[in-house]
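The sequence shown begins at 1 in my numbering and counts up by one.
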Amino acid sequence: MKIPAAILSLLILSYAGCQRETLSVPATPAENPTITVTDLAGREVTLKQPVERIILMRSLGLYELATVLGDEVEEKLAGWDSSLKTGDLDTYEKFVTQYPRLEEVTILGDILRDTVSAEAVLALEPDLVIMNTYMLNRGSKTVERLQQAGVPLLFLKSEDPFRDPQKSIRLLGKVLGKATEANAAADWIDAELQLVFSKIETIQGKIPTIYLEAGTQGPEKYGNTFGENQQGKTVNWGSVLAQLRCQNIAAGSISGLYGMGVIRPEYLITADPEVIVITGAHWTAFPDSLQLGYYADRDQSVKRLAAFTERPGWSELSAVKQRRVHGIHTRFGSHIMSFAAAQQLAKWLYPEEFKELNPEERLHEFHLKFMPVEMSGTWMVSLDGN
């Protein structure tokens, strides 16, 4: 029987289609997605997406990570060092109380003492290891070992406390898929800082003198003050003071690692600063320190602050006589809440010009908007109790 031409054509096309389907090569699975960014050390870094396991090489950086990740910090943090627990116990306990799993997070060695092994880091299978540029700049052997081992390092920065924390969270937001949240927090902080800097620029007249000391050692022993680092740059609290139209009496006289050193008491007495600020936290190794933070009691903090004024010669200082002696949380000098340092110090330096500004209220709002834990405790105090 003769098959009509039209039907024959359909049969051929159908057969060809079957052949194409049978002979086609299965599609290869898509490669694992990645993101390539330039970190704050200027390094090009390629990271797996999404980031599920994070190592925070310096746990004091939890503030920035929590601002970006929110509640996800509990499930994504795979390792950190003990610096938060020993140098800011209130914050450690605040987060562990809300996120109990954080107490079980692997504690690595101290990178500043070169005791972190690349093997221990790799064993945690991290997608991201968060570092800080000061670790790189000090020639850490640990950093070198981690780089050689191919660990996914991302360097953040904190040299300029009024700009670097915002850059850091914007970068974290990009690599963690939280750009909207990170940018919102950074924009809010920039606006809060502008409230200070826009007014500072208009102030005329005499520049007030100030002495700022880390209250680690307590009243009996002078703690570090802040000048310039070994490269001649102001960092940490030295950088804070350099940007607030005040004369830091330690500038030009203190130089050392991280810009810290102990002032000579005789020099302090001679300089006679108009304002004195002692920084505080909850350092576990220093029970006599000025304690500030999420669980600090205001009355006890004021009492400890007053004890600093009983040092030999301090009763004759102008700041003590005029009761311009204050305490502020030490981490404000280097992390994401440095806007509180700018606002509070400006208010102490220029009480009339900044009388309408309420730094504690702004700190409370920051927690409501961007932090996964509630604001509590005492972060700033004055000799008069306010």
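Backbone N, C-alpha and C define an ideal beta-carbon position, used for all residues, glycine too.
Under 8 Å by Cβ, that's how I've got Leu268 and Val325 pegged, so tell me the actual separation to the nearest angstrom.
Translated into positions along the sequence shown, residue 268 becomes position 268. Translated into positions along the sequence shown, residue 325 becomes position 325. The pair is not a contact, with the Cβ atoms about 13 Å apart (cut-off 8 Å).
Thinking C-beta only, is Gly79 closer than 8 Å to Leu60?
Within the sequence shown, numbered from 1, the residue matching residue 60 stands at position 60. Within the sequence shown, numbered from 1, the residue matching residue 79 stands at position 79. No, they are not a contact pair.
Would you identify the three-state DSSP class for Thr202, choosing helix, strand or coil?
Working through the sequence shown from its first residue, we reach residue 202 at position 202. The answer is coil: DSSP assigns Thr202 none of H, G, I, E or B.
Where His367 falls: helix, strand or coil (DSSP):
Sequence index remark: in the sequence shown, residue 367 carries index 367 (1-based). If DSSP states are grouped into helix, strand and coil, His367 belongs with the helices.
Counterpart residues of Thr225 in DSSP-defined beta bridges
Counting from one through the sequence shown, the residue named residue 225 turns up at place 225. Paired residues: Glu213, Gly261.
CA-CA distance, Ser82 and Ala186?
Taking the sequence shown and counting its residues from 1, one reaches residue 82 at position 82. Taking the sequence shown and counting its residues from 1, one reaches residue 186 at position 186. Their Cα atoms are separated by approximately 27 Å.
The stretch 179-193 contacting the stretch 151-170, beta-carbon criterion three pairs below 8 Å:
Contact holds: three or more Cβ-Cβ distances are below 8 Å.
What ranges does the alpha helix (DSSP H) occupy inside the stretch 244-297, keeping only unbroken runs of at least 4 residues that lie completely in it?
Complete alpha helix (DSSP H) runs here, min 4: 265-271.
Does DSSP put Leu65 in a helix, a strand or coil?
As a first step, residue 65 must be located in the sequence shown, where it is residue number 65. It is helical.
Here's the rule: buried if 16 or more other CB atoms are within 10 angstroms of the residue's CB, otherwise exposed. What is Trp379?
Position 379 of the sequence shown holds residue 379. That one is buried.
If you draw a straight line from the alpha carbon of Ser253 to that of Arg331, how long is it in whole angstroms?
Position 253 of the sequence shown, counted from the start, is the residue given in the question as residue 253. Position 331 of the sequence shown, counted from the start, is the residue given in the question as residue 331. Computed Cα separation, rounded: 23 Å.
Return the CA-CA distance between Leu292 and His335, expressed in angstroms with no decimal places.
Counted from its first residue, the sequence shown places residue 292 at position 292. Counted from its first residue, the sequence shown places residue 335 at position 335. Near 16 Å, if we compare the C-alpha coordinates of His335 and Leu292.
Cβ-Cβ distance between Gly238 and Gly256 below 8 Å
As a position in the sequence shown, residue 238 is number 238, starting the count at 1. As a position in the sequence shown, residue 256 is number 256, starting the count at 1. Remark: C-beta atoms of Gly238 and Gly256 do not approach each other more closely than 8 Å.
DSSP three-state label for Glu310, please.
Start at 1 with the first residue of the sequence shown, and residue 310 comes out as number 310. Assignment of Glu310 by DSSP, reduced to helix, strand and coil, places it in the coil class.
Going along the chain, which residues of its own chain have a beta-carbon closer than 7 Å to the beta-carbon of Glu103, five neighbours each way excluded?
To locate residue 103, count along the sequence shown from 1; it is residue 103. By the criterion of a C-beta distance shorter than 7 Å, Glu103 is surrounded in its chain by Val96, once the five residues flanking it on both sides are discounted.
How about Ala342 and Val196: do their beta carbons lie closer than 8 Å?
Your numbering for residue 342 matches position 342 in the sequence shown. Your numbering for residue 196 matches position 196 in the sequence shown. Yes, Cβ-Cβ distance for Ala342 and Val196 is below 8 Å.
Assuming Arg145 contacts Ile111 (C-beta within less than 8 Å), just tell me the rounded distance between them.
Taking the first residue of the sequence shown as position 1, residue 145 is located at position 145. Taking the first residue of the sequence shown as position 1, residue 111 is located at position 111. Actually they are not in contact, since the Cβ atoms of Arg145 and Ile111 sit about 10 Å apart, beyond 8 Å.
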